[in-house]
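S.K.:
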């Protein structure tokens with residue numbers, strides 16, 4: 001993913017709406033992808049993951065979609081709540097690369113009550 | 114289970130000094146990875162230790178080093194600190210090569 005530094009892309013949504021956060025990953029050989037949520041002053045928190053043999057995985061209120069053809073990952077959050085406000089990162093890794101994660105630049109999600 | 118813990122949480126150093134940061138992984142996790150987070154470069158992988166051996170290394174100068182102890186606790190060291198080393202240093206642990214769980218980080222400020 002591309003780092004955008006201080007000027008993170010921002011997604012602003014109304015409470016109760018669905019959110020979609022997108023990520024373009026860099027390595028076509030990556031086979032494991034993770035979404036993390038980072039709140040101010042905290043470390044990244046695991047949300048959901050997906051392996052390259054799948055194109056969709058659902059969790060509680062979250063869904064991850066993987067499109068390997070265009071190297072695109074998305075995170076869908078249903079019924080977005082104020083507590084979902086945070087910076088979201090996608091990360092990719094190769095299964096044989098141990099735990100060397102490559103992170104995208106992040107997207108800031110702001111939920112308006 | 115207790116989460117990943119990092120000490121200290123905040124640190125202020127001056128240029129030229131060295132610093133050691135500590136990470137205690139989740140009980141039973143044998144892999145510990147370190148990341149640097151800055152506004153300009155985002156989250157970047159430093160290195161990973163598994164069973165006391167460095168398994169992967171990112172693209173950082175030799176001033177950045179680490180080690181892992183037999184109880185899986187890990188330390189990272191930065192020598193000859195530079196202003197650009199100011200960052201949030203994050204530690205993550207996992208059982209093998211799967212989901213990594215992050216600690217709260219150590220905020221290092223170099224003056």
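Protein chains in written order, with this note's numbering: chain A, 1 to 113; chain D, 114 to 224.
Note that beta-carbon positions come from the ideal geometry of N, C-alpha and C, so glycine has one too.
Computed from a predicted structure; not experimentally measured.
#1: Ordered along the chain, which non-local residues of its own chain (more than five positions away) have a Cβ less than 6 Å from that of residue 178 of chain D?
#2: In chain order, what residues of the same chain lie with their CB nearer than 7 Å to the CB of residue 169 of chain D, ignoring the 5 residues before and after it?
#3: Got a sec: which bits of the segment 169-191 of chain D sit with their beta carbon under 9 Å from any beta carbon on chain A, in order along the chain?
#4: Between residue 156 of chain D and chain A, is there a C-beta pair that is closer than 8 Å?
#5: Counting only runs of 3+ residues fully inside the segment 125-210 of chain D, write out the beta strand (DSSP E) ranges in chain order.
#6: Could you give the residue range of the beta strand (DSSP E) that holds residue 122 of chain D?
#7: Locate the beta strand (DSSP E) running through residue 88 of chain A, then write down its first and last residues.
#8: Less than 8 Å between CB atoms is the rule here; does residue 202 of chain D satisfy it with respect to chain A?
#9: Under DSSP, the beta strand (DSSP E) around residue 36 of chain A begins and ends at which residues?
#10: Hey, does residue 33 of chain A have any beta-carbon neighbour from chain D nearer than 8 Å?
#11: Do you know whose CA, among D:205, D:212 and D:200, lies nearest residue 220 of chain D's CA?
#12: Residue 2 of chain A: buried (16+ other C-beta within 10 angstroms of its C-beta) or exposed?
#13: Based on the DSSP secondary-structure assignment, which residues constitute the bridge partners of residue 20 of chain A?
#14: May I ask you to list, following chain order, the residues of the segment 60-75 of chain A that have a beta carbon less than 7 Å from some beta carbon of chain D?
#15: Decide if residue 17 of chain A is buried, meaning its Cβ has at least 16 other Cβ atoms within 10 Å, or exposed.
#16: Taking only beta-carbon positions, decide if residue 53 of chain A is within less than 8 Å of chain D.
#17: Spatial neighbours of residue 122 of chain D within its chain, please: C-beta separation below 8 Å, excluding the five flanking residues on both sides.
#18: What does residue 43 of chain A touch in chain D if you count any residue whose Cβ is under 7 Å from its own?
#19: With a cut-off of 8 Å, does the C-beta of residue 99 of chain A fall near any C-beta of chain D?
M.R.: The answer reads as follows:
#1: Closer than 6 Å at the Cβ level, and outside the excluded window around residue 178 of chain D, lie 190.
#2: So the qualifying residues of the chain are 160 and 161.
#3: Those would be 169, 170 and 171, in chain order.
#4: By this cut-off, residue 156 of chain D is an interface position.
#5: The qualifying runs are 132-137, 144-151, 155-163, 166-170, 177-181, 187-191 and 200-207.
#6: Here residue 122 of chain D belongs to no beta strand (DSSP E), and DSSP marks it neither H nor E.
#7: The continuous beta strand (DSSP E) containing residue 88 of chain A extends over residues 86-93.
#8: For residue 202 of chain D, not one C-beta of chain A is nearer than 8 Å to its own C-beta.
#9: Run containing residue 36 of chain A: 32-38, per the beta strand (DSSP E) assignment.
#10: False, the Cβ-Cβ gap to chain D never drops below 8 Å.
#11: Here the closest residue by C-alpha is D:200.
#12: In this predicted model, residue 2 of chain A has a pLDDT of only 35, less than 50, meaning its place in the structure is not dependable; the value taken from the coordinates is given anyway. Here residue 2 of chain A is exposed: its Cβ has fewer than 16 other Cβ atoms, across all protein chains shown, within 10 Å.
#13: Per DSSP, A:76.
#14: Correct list: empty, as no residue qualifies.
#15: The C-beta of residue 17 of chain A has fewer than 16 other C-beta atoms within 10 Å across all chains shown, which makes the residue exposed.
#16: Contacts with chain D at 8 Å (Cβ-Cβ) do not include residue 53 of chain A.
#17: Closer than 8 Å at Cβ, skipping near neighbours: 217, 218, 219 and 220.
#18: Here the neighbours are 203, 215, 216, 217 and 218.
#19: Put simply, the CB of residue 99 of chain A is near chain D, with a gap under 8 Å to one of its CB atoms.
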